[in-house]
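Just so we're aligned, residue 1 is where the sequence shown starts under UniProt numbering, counting upward by one.
Positions of the beta carbon are idealized from the N, C-alpha and C atoms, including for glycine.
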Amino acid sequence: MATTTLLQRHAGEGETIAEAIRDCLDYGKDPEKTESGKYISAYECDPATVADEFLLAKASYAAMTGREQKKENNVLCYQIRQSFYPGEITPKEANRIGYELAMRWTKGRHAFIVTTHTDKQHIHCHIYYNSTTLDCTRKFRNFWGSSFALRRLSDRLCLENGLSIVENPKPRSKSKYRNYGEWQKDRKGPISYQDRLRLAIDTALAERPADLDEFLNLMKRAGYEVKTVRGGGISFRLTGQGQERFTRLRASTLGDGYDLQDVLSAIEGKEKRPGRSERKISLAVDIQAKLAAGKGPGYERWAKVFNIKQMAAALAYIQDNNLTDYEQLAKKATEAADRFHVISEQVKQTEQAMKTNAGLKAATVQYAKTRPVFEQYKVTKYSRKFLAEHEADLELYRAAQAEMRSLLGGAKLPKMDVLKEEGRKLTAKKKQLYGEYQKARRDMQELVTIKANIDTLMGYTEPGRKQEKER
Numbered sequence: 001m002a003t004t005t006l007l008q009r010h011a012g013e014g015e016t017i018a019e020a021i022r023d024c025l026d027y028g029k030d031p032e033k034t035e036s037g038k039y040i041s042a043y044e045c046d047p048a049t050v051a052d053e054f055l056l057a058k059a060s061y062a063a064m065t066g067r068e069q070k071k072e073n074n075v076l077c078y079q080i081r082q083s084f085y086p087g088e089i090t091p092k093e094a095n096r097i098g099y100e101l102a103m104r105w106t107k108g109r110h111a112f113i114v115t116t117h118t119d120k121q122h123i124h125c126h127i128y129y130n131s132t133t134l135d136c137t138r139k140f141r142n143f144w145g146s147s148f149a150l151r152r153l154s155d156r157l158c159l160e161n162g163l164s165i166v167e168n169p170k171p172r173s174k175s176k177y178r179n180y181g182e183w184q185k186d187r188k189g190p191i192s193y194q195d196r197l198r199l200a201i202d203t204a205l206a207e208r209p210a211d212l213d214e215f216l217n218l219m220k221r222a223g224y225e226v227k228t229v230r231g232g233g234i235s236f237r238l239t240g241q242g243q244e245r246f247t248r249l250r251a252s253t254l255g256d257g258y259d260l261q262d263v264l265s266a267i268e269g270k271e272k273r274p275g276r277s278e279r280k281i282s283l284a285v286d287i288q289a290k291l292a293a294g295k296g297p298g299y300e301r302w303a304k305v306f307n308i309k310q311m312a313a314a315l316a317y318i319q320d321n322n323l324t325d326y327e328q329l330a331k332k333a334t335e336a337a338d339r340f341h342v343i344s345e346q347v348k349q350t351e352q353a354m355k356t357n358a359g360l361k362a363a364t365v366q367y368a369k370t371r372p373v374f375e376q377y378k379v380t381k382y383s384r385k386f387l388a389e390h391e392a393d394l395e396l397y398r399a400a401q402a403e404m405r406s407l408l409g410g411a412k413l414p415k416m417d418v419l420k421e422e423g424r425k426l427t428a429k430k431k432q433l434y435g436e437y438q439k440a441r442r443d444m445q446e447l448v449t450i451k452a453n454i455d456t457l458m459g460y461t462e463p464g465r466k467q468e469k470e471r
């Protein structure tokens with residue numbers, strides 16, 4: 001049966017980053033295990049130079065972001081081991097499934113190499129993917145339960161390809177951490193205590209309590225025992241339902257929108273809680289078209305009520321915003337669409353400038369690091385022996401030089417301090433523009449939808465006819 005393991009690769013004591021990466025990749029590419037490299041595939045990297053490419057991405061990441069991690073915390077790459085039941089799969093098919101697993105797991109954002117080993121009775125794949133993304137701006141963020149998520153993905157792939165899976169895994173240990181079998185059993189079970197608590201909090205806040213005391217009283221009425229903990233925090237426990245421990249009211253336990261501060265803000269009406277957005281105005285349903293497509297009478301009743309609510313919301317909006325004149329509403333919708341497209345173009349231009357800036361910084365750093373090697377190469381009068389010993393560094397030098405020429409387009413290379421300052425300004429500009437972009441998009445979607453609903457209400461468009469999109 002197919003099994004998976006997710007491992008992290010760090011540099012060991014007395015081991016450089018380059019040595020650590022090459023060591024694990026060389027093991028995966030071992031010719032004796034992969035039938036002389038027959039069962040090796042890669043994504044966005046060359047199996048022959050994959051270690052150097054991983055290293056170059058990390059150098060670019062450091063130059064672009066300015067972030068440096070401690071050696072013991074720096075994850076160089078991740079390794080996935082995927083094993084299959086003996087005699088159930090061919091090496092070629094195993095490599096294909098391993099490649100698909102890596103692609104789905106990384107979402108195509110990380111370079112990876114898949115090596116299939118045939119030296120054991122059970123065929124298995126070693127998948128190595130770079131912790132740094134392809135654009136060198138961030139790293140893979142491992143998360144709680146990633147091993148479970150990886151196993152689910154692997155199981156799904158195996159089932160799609162007619163392979164067996166471990167349906168009832170045995171407990172790995174008796175520690176406080178759950179094994180995959182326990183998690184899978186719980187997933188099919190009843191709603192969790194945390195889910196119940198979130199639902200109770202939502203219900204209590206929907207009553208619009210005047211203050212925190214009234215909110216806590218509503219929680220008590222819902223069957224919860226309330227306890228104030230050290231530091232002013234609050235915990236809840238469902239009485240008479242078998243819950244043994246209290247659950248703390250905080251985002252790290254219950255998720256975004258369920259921190260004490262979020263609840264207090266919701267009570268005071270200062271701001272919306274994250275993840276609890278207001279009901280959006282939606283486009284009216286073309287009931288006749290839906291019925292013709294096979295929807296039943298139950299759908300017709302729902303759609304009529306839905307349309308009434310959306311028309312009422314549209315009328316309320318135009319009254320609240322003093323847009324009672326139709327031409328004014330149409331003009332407002334056009335202006336909102338124009339503003340959205342202008343800001344969208346500004347965001348794209350800024351992102352392109354940031355990409356060029358980051359590329360120049362990364363290439364400059366790599367050029368400076370490898371330039372001394374190239375100078376030595378010239379001193380040796382382009383010795384073949386020197387080339388063989390320093391081929392990787394010389395290739396990085398030439399790549400950095402070509403990248404700078406491409407990005408500069410004949411212009412003079414700015415100093416690093418100038419590039420860094422330009423990068424900071426572009427980042428701040430993008431942050432400001434993105435806030436405007438989100439607001440402009442919401443305004444455009446709202447106004448265009450309201451105009452379409454008013455058009456339907458006033459009979460300006462025929463039923464079933466598609467609304468003309470705003471630009």
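Cβ shell of T380 (< 8 Å), same chain only, five flanking positions each side left out: If we look at T380 and ignore the five residues flanking it on each side, its Cβ neighbours are F386.
How would you call R405, buried or exposed, if buried means at least 16 neighbouring beta carbons within 10 angstroms? Exposed is the call here.
Distance between E15 and D428 (C-alpha atoms, nearest Å): The sequence given here places Ala at residue 428; Asp does not occur at that position. Roughly 38 Å between the two C-alpha positions.
Bridge partner(s) assigned by DSSP for H117: Per DSSP, H124.
Where do the N-terminal and C-terminal ends of the alpha helix (DSSP H) with Q366 fall, by residue? Unbroken alpha helix (DSSP H) run through Q366: 326 to 379.
Do the segment 32 to 41 and the segment 115 to 123 meet, that is, are 3 or more Cβ pairs less than 8 Å apart? Put simply, the segment 32 to 41 touches the segment 115 to 123. At least three CB pairs are less than 8 Å apart.
Those residues which DSSP pairs with N130 across a bridge: Looking at the DSSP assignment, N130 forms a beta bridge with C77.
First through last residue of the alpha helix (DSSP H) which encompasses L249: Annotation for L249: no alpha helix (DSSP H) segment contains it, and DSSP assigns it neither H nor E.
Tell me which same chain residues have a C-beta within less than 6 Å of the C-beta of S277, skipping the five on either side of it? Confidence in S277 is poor, its pLDDT being 42 and thus under 50, which makes the residue's placement too unreliable to answer from.
According to DSSP, is Q8 part of a helix, a strand, or is it coil? Strand.
Which residue wins for smallest C-alpha separation from A251, given the options Q261, Q243, R245? Distance check between A251 and each of Q261, Q243, R245 places Q261 closest, using alpha-carbon atoms only.
Rounded to whole angstroms, what is the Cα-Cα separation between L7 and Y129? Taking C-alpha positions only, L7 is separated from Y129 by approximately 11 Å.
Quick one: residues in its chain with C-beta nearer than 7 Å to the C-beta of K124, no 5 flanking neighbours on either side, listed in chain order? In the sequence on display, residue 124 carries His and not Lys. The residues are R81, Q82, S83, F84, H117.
Identify which residue in L150, A266, L360 has its Cα closest to the Cα of A411. A411 has its Cα closest to that of L360, out of L150, A266, L360.
Which residues does DSSP list as the beta-bridge partners of K71? In DSSP, K71 forms no bridge with anything.
Would you kindly check if the distance between the Cβ of T364 and the Cβ of L413 is under 9 Å? Cβ distance < 9 Å, so L413 and T364 count as in contact.
Where W183 sits in the DSSP three-state scheme: With a pLDDT of only 44 at W183, under the threshold of 50, the placement of this residue in the model should not be trusted; the figure read from the coordinates follows. In the three-state DSSP reduction, W183 falls in the helix class (H, G or I).
Drop a sphere of 10 angstroms on the beta-carbon of R67, count the other beta-carbons inside from all chains shown, and report buried for 16 or more, exposed for fewer. R67 sits exposed, since fewer than 16 C-beta atoms from the chains shown fall within 10 Å of its C-beta.
For a test of the three-state rule: what should DSSP assign to Y99, helix, strand or coil? Look at Y99 here: in three-state DSSP terms it is helix.
Nearest residue (CA-CA) to residue 491, options S131, R198, F148, Q121: The displayed coordinates of the chain run from 1 to 471. Any statement about residue 491 would go beyond what the structure contains.
How about Y224 and T203: are their beta carbons less than 9 Å apart? No, Cβ-Cβ distance for Y224 and T203 is not below 9 Å.
Which residue from E214, G98, H390, E375 puts its Cα closest to that of I267? Minimum Cα-Cα distance from I267 among the listed residues E214, G98, H390, E375 corresponds to E214.
In whole angstroms, give me the CA-to-CA distance for F54 and L163. Inter-residue distance for F54 and L163 is about 33 Å (C-alpha atoms, whole angstroms).
What residue from G257, D155, D393, D46 has the CA that sits closest to W105's CA? Ranking G257, D155, D393, D46 by Cα distance to W105 puts D155 first.
What separation, rounded to the nearest whole angstrom, lies between the Cα atoms of L197 and D211? Distance from the CA atom of L197 to the CA atom of D211, rounded to whole angstroms, is 19 Å.
Limits of the unbroken alpha helix (DSSP H) element including L212: Boundaries of the alpha helix (DSSP H) harbouring L212: 212 to 221, taken from the DSSP string.
Between which two residues does the beta strand (DSSP E) harbouring L323 extend? For L323, no beta strand (DSSP E) encloses it, and the DSSP letter there is neither H nor E.
What's the C-alpha gap between R398 and K107? C-alpha separation (whole angstroms): 30 Å.
Can you say whether Y159 is buried or exposed, counting buried as having 16 or more other CB atoms within 10 angstroms of its CB? With the sequence shown as reference, residue 159 is identified as Leu, and Tyr is not the correct amino acid for it. Counting Cβ neighbours within 10 Å, L159 comes out exposed, since fewer than 16 surround it.
From L134 to D195, what distance separates their C-alpha atoms? One C-alpha to the other measures close to 37 Å.
Using 9 Å as the limit for Cβ to Cβ distance, is G240 near chain B? The structure shown has no chain B; it contains just one protein chain.
Using the beta-carbon count (16 or more within 10 Å), is V418 buried or exposed? By the 10 Å Cβ count, V418 comes out exposed.
Close-in-space but distant-in-sequence residues of the same chain around Q121 (CB under 8 Å, 5 per side omitted): Taken in chain order, the residues that qualify are P86.
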